[in-house]
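Student: Heads up: the sequence shown runs through residues 1030 to 1283, numbered per my numbering.
Sharing a structure, written as structure tokens. Questions coming.
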Amino acid sequence: MDRSYCASTMPLQGYPLAEILPALPEAGFTAVELAIGHLDGLSASAAAELQGAHGVKFRSLLSTDDIMVPGGRERLADLVETAGRLAIPMVSIPSGGAEKASDESMSQCIDRLANLARQAEGADVRLGLYAHEGSIGYSLARVTHILDAIPSSALGFYYSGYHFHRAGDSPVEALGALAGRLCNVYFNCGVDPGGEGEPFWAPEMDLPAVCDAIARVGYDEEIMLIYLGLDAKGVEPVVDGLARARTALDAMFS
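In structure tokens:
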């Protein structure tokens, strides 16, 4: 099957969407995940006009806000409301908290995420929970615990093999275990924090096996690529890096 791809605007928050979006279709991208920096002053009519003009849909909004810190719940709630207003169907969120959190903190995190999921359901928005190093929901066991505790259809899982690899879990087994809640998939591209990579972080990871697993669970929506760790200025170098990663990933799926 032909895969479709989504690009993160996070590395390009210093540039307007009107400058970023025209370059993406030619590079093989049909959608974007918007960073918070691209929401300033964005109205529903402007969002619709940008998508129509450039043939790139706004698939999701990315948040890095921690629901466990003061103000985190409020910022996430505002972002869910914004997504609903802009007719963007998904908000990508971390679990927040600390990887070595107590059981009490875990319960508090689950309560807060459950409340946010209820709000998301009312706004006709889906939350994509992503695992991230250092957060409560980093390992497969913790992510599974959170999702099992919140059966809401408004809370899905946003999969990245890289973070499970870093946590010491099998990325392939993690995807199989979480397939029932899968709502989105992403790959970290560029140069990873250890100086390795290009086009993908953790090049020692068995990426073809991850791609096989993605196909096996039946995921057929956009795959999001985020190009980080790049010391480059301007839209063109980032889009070129995204295009290289997309080409490499396509080869692994074929």
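For each residue, glycine too, the CB sits at the ideal point set by N, CA and C.
#1: Helix, strand or coil: which one does DSSP assign to Val1220?
#2: Pick from Gly1113, Ala1242, Asp1198, Tyr1191: whose alpha carbon is nearest that of Ala1183?
#3: Under three-state DSSP, which class holds Phe1186?
#4: From Met1119 to Glu1103, what does the alpha carbon distance come to, in whole angstroms?
#5: What are the boundary residues of the beta strand (DSSP E) that Ala1273 is part of?
#6: Roughly how many whole angstroms lie between the Cα atoms of Cys1270 and Glu1133?
#7: Could you tell me the alpha carbon to alpha carbon distance between Lys1262 and Phe1058, rounded to whole angstroms?
#8: Assuming Val1267 contacts Leu1041 (C-beta within less than 8 angstroms), just tell me the rounded distance between them.
#9: Under a three-way DSSP split, which group does Glu1255 fall into?
#10: Answer yes or no: do Arg1032 and Asp1279 have a C-beta to C-beta separation smaller than 9 angstroms?
#11: If you follow the alpha helix (DSSP H) that Glu1110 is in, where does it begin and where does it stop?
#12: On the criterion of 16 or more Cβ atoms from any shown chain inside 10 Å, does Met1030 qualify as buried, or is it exposed?
#13: State the Cα-Cα distance for the pair Gly1205 and Val1214, rounded to the nearest angstrom.
#14: According to the Cβ coordinates, are Leu1169 and Gly1185 closer than 9 angstroms?
#15: With respect to the alpha helix (DSSP H) encompassing Ile1139, which residues constitute its N-terminal and C-terminal limits?
#16: Is Arg1245 buried or exposed, if buried means 16 or more other CB atoms sit within 10 Å of its CB?
Tutor: Let me spell this out:
#1: As a first step, residue 1220 is located in the sequence shown; it is residue number 191 there, counting from the start. Three-state DSSP puts Val1220 in a strand.
#2: Position 154 of the sequence shown holds residue 1183. Closest option to Ala1183, Cα to Cα, is Gly1113.
#3: Stepping through the sequence shown from its first residue, residue 1186 is reached at position 157. Phe1186 falls in the strand class under three-state DSSP.
#4: Position 90 of the sequence shown, counting from 1, holds the residue named residue 1119. Position 74 of the sequence shown, counting from 1, holds the residue named residue 1103. Going from the Cα of Met1119 to the Cα of Glu1103 covers about 17 angstroms.
#5: Reading the sequence shown from its first residue, position 244 is the one you call residue 1273. In the sequence under discussion, the amino acid at residue 1273 is Arg, which differs from the Ala named in the question. Run containing Arg1273: none in the beta strand (DSSP E); it sits in the alpha helix (DSSP H), 1264-1282.
#6: Residue numbering aside, residue 1270 sits at position 241 when the sequence shown is read from its first letter. Residue numbering aside, residue 1133 sits at position 104 when the sequence shown is read from its first letter. The amino acid occupying residue 1270 in the given sequence is Gly; Cys does not appear at that position. Cα-Cα distance, rounded: 42 angstroms.
#7: Locating residue 1262 in the sequence shown gives position 233, where the first residue counts as 1. Locating residue 1058 in the sequence shown gives position 29, where the first residue counts as 1. Between Lys1262 and Phe1058, the C-alpha separation is close to 20 angstroms.
#8: Locating residue 1267 in the sequence shown gives position 238, where the first residue counts as 1. Locating residue 1041 in the sequence shown gives position 12, where the first residue counts as 1. Between Leu1041 and Val1267 the Cβ distance is about 6 angstroms, and since that is below 8 angstroms, they are a contact.
#9: As a working note, residue 1255 is residue 226 in the sequence shown. Glu is not the amino acid found at residue 1255; the sequence shown has Ile there. Looking at Ile1255 - three-state DSSP - the assignment turns out to be strand.
#10: By one-based count along the sequence shown, residue 1032 stands at place 3. By one-based count along the sequence shown, residue 1279 stands at place 250. Result yes, Cβ atoms of Arg1032 and Asp1279 sit closer than 9 angstroms.
#11: To locate residue 1110, count along the sequence shown from 1; it is residue 81. Taken as a continuous stretch (DSSP letters only), the alpha helix (DSSP H) holding Glu1110 covers 1101-1115.
#12: Your numbering for residue 1030 matches position 1 in the sequence shown. Burial call: exposed.
#13: As a working note, residue 1205 is residue 176 in the sequence shown. As a working note, residue 1214 is residue 185 in the sequence shown. If you take the alpha carbons of Gly1205 and Val1214, they lie about 13 angstroms apart.
#14: Taking the first residue of the sequence shown as position 1, residue 1169 is located at position 140. Taking the first residue of the sequence shown as position 1, residue 1185 is located at position 156. Cβ atoms of Leu1169 and Gly1185: not closer than 9 angstroms.
#15: One-based indexing of the sequence shown puts residue 1139 at position 110. Counting along the chain, the unbroken alpha helix (DSSP H) around Ile1139 starts and ends at 1132-1151.
#16: Counted from its first residue, the sequence shown places residue 1245 at position 216. Arg1245 comes out exposed.
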